[in-house]
Structure formats: structure tokens, C-alpha cells
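Just below is one structure, and these are the notes that go with it.
Numbering (full-length UniProt numbering), first residue to last: 1 to 167.
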């Protein structure tokens, strides 16, 4: 296990093939978990977090962040937390995922046709997309909850949608 800690500058930190704890703190950081089940904390600044391969926990913190769940075996689960700011969260395509936008106007993308993801927009005007093909052929059972704000929810066959605006 590696513990990698950034500073007030823009950091580029890459994890190992173990379970890592990576924190960027201040600055516009780029964090990559690599292999293993990792915890990535962006801190303040506009950060880019990539979980890599495994079951990961990503927290963007303050700022306009981009979080990517990475990839992993189908039984892995990822948690992506946007925090404050206008964030973009992208679920891992092979996993069941939990995505929470937090405050700000966030964009959340689910993992695709066969996943069971939970997407929560939080406060702000959010866009939640389950990741399915909007023709009614998705096989996942996703939950999309827009939260407060004027949200747009794009679901698929079998998805459960709360809030949002009617298109």
C-alpha cells in the first residue's frame, strides 16, 4: 500500500498495484489509482481523478473536477463523489457504481447497458445519464435521483428516475 500526498501545487500522482491512498490537496491535480482498490481525494482545485483498475473511492473535493471510475472486473464497485463545484463523473463500464454530484451543476454518466448504477445529482442543475442506449434495450436497473434543482435525467428501460424535468 502506498500513501501519496500532494501539496499546494499542481500534482501528478500515480498509484501502485496495491491498495493506495492518494491525496492531491490544493492545486489542480491529476490522480490515478492504478491497480488495486484505491482511495483518491482531490482536495481543492480543479482536479482529474481516475480510479484505474479495481474497486475505488474517488472524492473530488472543492473545485470543478473530473472523476473517472476506471475499469475493473464486473464484481467490483466504485464510489465517485463530486463535492462542491461543477463536476463531471463517469462510471466504470464493468462495475456497479455510486455517483454523487454534490453541490454545483454536475454531469453524471452511468456505466452502460448491463450495470446497476445509482446516480444522485444533489443541489444544482444536473444532467444524469444512465449510460444505456435510449431505445429501450438496456439491461441494467439504474436509479437516477436528480435532487434539488432543474435537472435532466436520461434513463433507459428498467431504470428508476426521481426528479428532473420532462422532455
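C-beta: ideal position from N, C-alpha, C; glycine also.
Have a look at the options and flag the residue whose alpha-carbon is nearest the alpha-carbon of residue i.
{"i": "residue 62", "options": "53, 41, 74 and 69", "result": "41"}
{"i": "residue 93", "options": "17, 8, 117 and 2", "result": "117"}
{"i": "residue 25", "options": "57, 9 and 80", "result": "9"}
{"i": "residue 154", "options": "140, 127 and 147", "result": "127"}
{"i": "residue 68", "options": "81, 74 and 75", "result": "81"}
{"i": "residue 74", "options": "83, 6 and 91", "result": "91"}
Give the straight-line distance between the Cα atoms of residue i and residue j, rounded to the nearest whole angstrom.
{"i": "residue 71", "j": "residue 54", "result": "7 Å"}
{"i": "residue 95", "j": "residue 114", "result": "9 Å"}
{"i": "residue 13", "j": "residue 156", "result": "36 Å"}
{"i": "residue 135", "j": "residue 15", "result": "With a pLDDT of only 48 at residue 135, under the threshold of 50, the placement of this residue in the model should not be trusted; the figure read from the coordinates follows. Spanning the two alpha carbons is a distance of roughly 39 Å."}
{"i": "residue 59", "j": "residue 97", "result": "14 Å"}
{"i": "residue 66", "j": "residue 99", "result": "12 Å"}
{"i": "residue 19", "j": "residue 160", "result": "33 Å"}
{"i": "residue 3", "j": "residue 111", "result": "28 Å"}
{"i": "residue 145", "j": "residue 101", "result": "10 Å"}
{"i": "residue 44", "j": "residue 28", "result": "8 Å"}
{"i": "residue 76", "j": "residue 50", "result": "15 Å"}
{"i": "residue 86", "j": "residue 46", "result": "10 Å"}
{"i": "residue 125", "j": "residue 107", "result": "9 Å"}
{"i": "residue 84", "j": "residue 158", "result": "30 Å"}
Roughly how far, in whole angstroms, is the beta-carbon of residue i from the beta-carbon of residue j, given that I think they are within contact range, below 8 Å?
{"i": "residue 123", "j": "residue 103", "result": "5 Å"}
{"i": "residue 121", "j": "residue 140", "result": "Not really, about 18 Å apart at Cβ, beyond 8 Å."}
{"i": "residue 142", "j": "residue 119", "result": "7 Å"}
{"i": "residue 147", "j": "residue 163", "result": "6 Å"}
Leaving out five residues on either side along the sequence, give the residues of the same chain with a beta carbon under 6 Å from the beta carbon of residue i.
{"i": "residue 57", "result": "39 and 79"}
{"i": "residue 129", "result": "109 and 154"}
{"i": "residue 22", "result": "4, 13, 15, 31 and 40"}
{"i": "residue 37", "result": "19, 54 and 55"}
{"i": "residue 88", "result": "66 and 107"}
{"i": "residue 168", "result": "Nothing about residue 168 can be read from this structure; the chain reaches only from 1 to 167."}
Leaving aside the five residues before and after residue i along the sequence, list all residues of the same chain whose C-beta is less than 8 Å from its C-beta, in chain order.
{"i": "residue 35", "result": "15, 16, 17, 18, 52, 53 and 54"}
Between residue i and the rest of its own chain, which residues show a CB-CB distance below 7 Å, the 5 nearest in sequence each way excluded?
{"i": "residue 11", "result": "24, 27 and 29"}
{"i": "residue 6", "result": "13, 23, 24, 25, 27 and 29"}
Original post:
Hey, which unbroken runs of the beta strand (DSSP E) at 3 residues or more fall wholly within the stretch 76-119?
Top reply: Taken in chain order, the complete beta strand (DSSP E) segments of 3 or more residues contained in the stretch 76-119 are 77-81, 88-90, 96-100 and 107-109.
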